[in-house]
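Visitor:
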Amino acid sequence: MTAPDQDGPRHGGGAGARRGGGGREAQRAERREALLQAAMELIAERGYRRTSLAAVAERAGLTQQGLLHHFPTKELLLVGVLEARDRWDLASAAAASGTWRTDALAQLVDYNATRPGIVQTYTVLSADSVTEDHPARAFFESRFRAVRASMTEALRAECGDTLPGGLTPERAAPLLSAVMDGLQLQWLLDPEEVDMPAAFRDFLALLGRGAGPGAGPGEETDED
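Mapped onto our numbering, the consecutive letters of the sequence shown carry residue numbers 1 to 224.
1. May I ask which residues mark the beginning and end of the alpha helix (DSSP H) holding A26?
2. L176 by DSSP, collapsed to three states: which one?
3. Is the separation between the beta-carbon of A113 and that of P164 shorter than 8 Å?
4. If I'm right that A39 touches V56 with Cβ under 8 Å, what's the distance once you round it to whole angstroms?
5. Pick from A60, R145, F139, A173: whose alpha carbon is nearest that of A154?
6. What is the C-beta distance between F144 and S177, in whole angstroms, given that I count them as a contact (C-beta under 8 Å)?
7. Pick out whichever of G80, V179, E45 has its Cα sitting closest to the Cα of R31.
8. Look at the alpha carbon of P72 and the alpha carbon of E45, and state the distance between them as a whole number of angstroms.
9. Looking at the secondary structure, which residues open and close the alpha helix (DSSP H) in which A113 lies?
10. Put W88 into one of helix, strand or coil per three-state DSSP.
11. Which of helix, strand or coil does DSSP assign to F227?
12. Decide yes or no for the touch test of the region 120-140 against the region 175-191: beta carbon pairs closer than 8 Å, at least 3 of them.
13. Round the Cβ separation of A104 and R201 to the nearest angstrom and send it over; I've been treating them as touching at under 8 Å.
14. Could you check which residue in Q65, P135, Y111 has the C-alpha nearest to that of D195?
15. For the alpha helix (DSSP H) that contains T152, what are its first and last residues?
16. Put D190 into one of helix, strand or coil per three-state DSSP.
17. According to DSSP, is E170 part of a helix, a strand, or is it coil?
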């Protein structure tokens, strides 16, 4: 059993603070979110390998023992960061367009190009998760199923049952996901040579979505 002060803040607060503010579960959720936010900030600043549990706990104002109460291992903390990233990205896309669209995916690729630490975390963990009993395996299995379903829905909403070239949305969705992840890997290894946002838009053009690299005004293939 965890001692009562293990989950508490590093500075101030105490038992009185823990009793207020909407109850214990609400405070646990707040601390968890604070840890995820701190981890995301540090990963952006340092990269995931140089982000230690101690540094995350200190940034969030908790003890390291308090952090371990929420995330017993670094891998589970990183999975939590990726889950939070997906929630925030999905909320942002839904607020902008009401649902996933290929133009929202292109905007997400633009945004990912500004946060290499998070992209590195995702790329390394997703590759590691193929091994047996990896703590991130269930997360990535579930995530890829959900991503394929969402991309299928987006492609069908924009293109109907058949894309240019004859692919169905179901067959195109894994390709779209693979291109996003593959471009991230190439961009991380050689960012000066690989323009990730431009390359992703080139692929959308091959699918008949968006504008090709040489398209000028009035030549876009996407239709509103």
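Note that CB positions come from ideal geometry on N, CA and C, so glycine has one too.
Guide: So, from the listed chains and residues:
1. 24-46
2. helix
3. no
4. 5 Å
5. A173
6. 7 Å
7. G80
8. 23 Å
9. Counting along the chain, A113 falls outside any alpha helix (DSSP H), and DSSP gives it neither H nor E.
10. helix
11. One cannot answer for residue 227 here, as it falls past the ends of the chain, which runs 1 to 224.
12. yes
13. Contact flag wrong, Cβ pair sits at about 13 Å.
14. Y111
15. 137-159
16. coil
17. helix
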